[in-house]
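Okay, so the sequence shown: first residue is 1151 according to this note's numbering, each after it adds one. The C-beta atom is built at its ideal place from N, Cα and C for all residues, glycine as well. Treat the numbers as computed from the prediction; the structure is a model and nothing was measured. Accompanying notes for the structure given below.
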Amino acid sequence: MVRGAEDRIINAIVVIILSICAIAAIFPLLYVVSVSLTPMGEVLRSGGFPIIPREVTFDAYATLLSESGMLRALGVTVFVTVVGTALNLTVTVLMAYPLSRKALPGRSAFLLMILFTMLFSGGLVPTYLIVKSVGLLNSVWALILPTLVGSFNVLIVKSFLEQLPEELFESARIDGAKELLVMSRIALPLSLPVMATVGLFYAVGHWNDFFSAIMYVTDRSLFPLQVIVREILMQAQQPMENVENITPTQTLQMAAVVLASLPIIVVYPFLQKYFTKGMLLGSIKG
């Protein structure tokens, strides 16, 4: 197929626009990684913007990892992310599966209540009072249980389950299988793509969450990684007595950002296709 001059011009414009967008997206990441690997003197000589480091050092990472608070915070974040995501997926499936069955009594009322929570929340103060009344303050479970299930994720899983052939479920019921067995042996194995999508939603939310820790946790031993990173970033906004303190603070900042972002950056490309599919499911059906 021979393309005309107008097609080539349009393609060139599209390539230029996409290239600019790619550079705009990659540059901040390149800057953060570069500063975290650059020696303190090199950062000062480059005016604070070393795009490509001439010398590479891991002193900032060694300093962060040598502090017991950082490793402890990393352990808390990993625990909250792994255990929280597992509990999130369990509760989400237990809610979404019965809602995907059109014969469920009161199905419309339950869906209406779920949609209502997407438009209106209980508020920050009532939520804090509930967390306090059940004894979750200064507990790692305060970072998991208040966000145990997401309404949007329930609707995504429900929409996916509704697309599965009903004949599979009917044949299992004819053979005498109960609903719990039908869900675990038929629905779940066929729902791995949407489970990966929703699991990514929950995992990213847990990994990046620092507001819950600020609200419900005062014990520093229970601070997650993002709270420690926030403290390091806030230190740079405080006035420095001498210029020599600026560079170590800046390199520690960037190293902390890299450590906090690296796991999600590594995992996301493998789940991107499921992520996109889940977003389409949630937007087309409901």
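Of the listed residues the options, nearest to residue i (C-alpha basis)
{"i": "residue 1265", "options": "1281, 1300, 1284 and 1233", "result": "1300"}
{"i": "residue 1201", "options": "1359, 1376, 1189 and 1290", "result": "1189"}
{"i": "residue 1303", "options": "1281, 1252, 1235 and 1226", "result": "1235"}
{"i": "residue 1227", "options": "1382, 1368 and 1354", "result": "1354"}
{"i": "residue 1293", "options": "1407, 1328 and 1230", "result": "1230"}
{"i": "residue 1416", "options": "1261, 1350, 1210 and 1338", "result": "1350"}
{"i": "residue 1405", "options": "1182, 1352 and 1315", "result": "1182"}
{"i": "residue 1222", "options": "1413, 1369, 1407 and 1414", "result": "1369"}
The alpha helix (DSSP H) enclosing residue i, as first and last residue numbers
{"i": "residue 1308", "result": "1301–1312"}
{"i": "residue 1291", "result": "No alpha helix (DSSP H) contains residue 1291, which DSSP labels as neither H nor E."}
{"i": "residue 1252", "result": "Taken as a continuous stretch (DSSP letters only), residue 1252 belongs to no alpha helix (DSSP H), as it is neither H nor E."}
{"i": "residue 1169", "result": "1155–1187"}
{"i": "residue 1329", "result": "1329–1332"}
{"i": "residue 1355", "result": "1342–1358"}
{"i": "residue 1323", "result": "1316–1324"}
Spatial neighbours of residue i in its chain, beta-carbon cut-off 7 Å, leaving aside the 5 residues before and after
{"i": "residue 1345", "result": "1239"}
{"i": "residue 1336", "result": "1318, 1319 and 1322"}
{"i": "residue 1436", "result": "Residue confidence for residue 1436 is low, a pLDDT of 43 falling below 50, so the modelled location carries little weight; the figure read from the coordinates is stated next. 1305 and 1309."}
{"i": "residue 1372", "result": "1226, 1288 and 1290"}
{"i": "residue 1237", "result": "1294 and 1298"}
Cβ-based neighbour list, residue i, same chain, cut-off 6 Å, excluding 5 preceding and 5 following
{"i": "residue 1380", "result": "1360"}
{"i": "residue 1333", "result": "1247"}
{"i": "residue 1297", "result": "none"}
Nonlocal neighbours in the same chain, by C-beta distance under 8 Å from residue i, ignoring five residues either side
{"i": "residue 1205", "result": "1188, 1189 and 1192"}
{"i": "residue 1338", "result": "1243 and 1345"}
{"i": "residue 1224", "result": "1375 and 1409"}
heavy atom of the ligand SAM below 6 Å from residue i C-beta
{"i": "residue 1211", "result": "Judged by which ligands are present, the structure shown has none, so any question about the ligand SAM falls away."}
Cutoff 7 Å: residue i Cβ touching any chain B Cβ
{"i": "residue 1376", "result": "No chain B is present in this structure, which holds just one protein chain."}
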